[in-house]
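In our numbering, the protein residues as written are 60 to 136. Notes follow once the structure below has been shown.
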Ligand SMILES: [Zn+2]
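Written as structure tokens, this is what we have:
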């Protein structure tokens, strides 16, 4: 079984129902270089990471969760 994501609207679902929305970082003042780095230069470090996921095959809503990258486990949602 793969990663289970707890959707607040649909309950626990397989990650294959979701589209990965990227790592969630602090918003900064508008800056093209910072936007480029935020979108394309992801840190992807082992350990906890705040992420956005879109429940494409469910309620079609976005959610934010914390996932341990090394263990591929959802820590909180
Ligand atoms: Zn859902």
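Glycine included, each C-beta is placed from N, C-alpha and C at the ideal position. No experiment lies behind these values; they were computed from the predicted model shown.
Spatial neighbours of residue 76 in its chain, beta-carbon cut-off 7 Å, leaving aside the 5 residues before and after: 114, 115, 116 and 117
Terminal residues of the beta strand (DSSP E) in which residue 90 lies: Segment: none, residue 90 is in no beta strand (DSSP E) and carries neither H nor E.
First through last residue of the beta strand (DSSP E) which encompasses residue 126: 121 to 127
For residue 76, the three-state DSSP class (helix, strand or coil): helix
Range of the contiguous beta strand (DSSP E) that encloses residue 118: Premise fails: residue 118 is in no beta strand (DSSP E) and is neither H nor E.
Minimum C-alpha distance to residue 68 - residue among 134, 130 and 119: 119
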